[in-house]
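Novice:
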Amino acid sequence: MLGVLVDARLTAVEGRWLASADTPDGPSMGTGDSPVNALIEGLQPFEGVIEELLACLPSNLPVCRRVTRL
């Protein structure tokens, strides 16, 4: 398996999370009620490897296990 490096940023705004991920076609944005849900939306351009990317999340990330879509 080839490694994939994706720069992504997370921030909380008024109780919601905003994720921005760098893609070859420019930035991709996602929002959600948890960091993971926002990342899932922001990582949509990487559709085939989203689960692998999420598996690399740091353990100290505040995570809500309710994922709205994959």
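One point on numbering: in numbering that gives the first Met the number 0, the residue at position 67 of the sequence shown is 66, and numbering is uninterrupted. By construction, the Cβ of each residue, glycine as well, lies at the ideal position given by its N, Cα and C atoms. Keep in mind that this is a model prediction, so the values were computed, not measured.
1. Given a cut-off of 8 Å on the beta-carbon distance, is the pair G41 and A11 in contact?
2. For a quick check, are the C-beta atoms of P26 and L9 less than 8 Å apart?
3. Can you tell me the Cα-Cα spacing of F45 and L4, whole angstroms?
4. Determine the extent of the beta strand (DSSP E) in which A37 is found, giving its start and end residues.
5. Taking the beta strand (DSSP E) that L17 belongs to, which residues open and close that run?
Specialist: So, from the listed chains and residues:
1. no
2. no
3. 11 Å
4. First-last for A37: P34 to G41, but that is the alpha helix (DSSP H), not the beta strand (DSSP E).
5. R15 to T22
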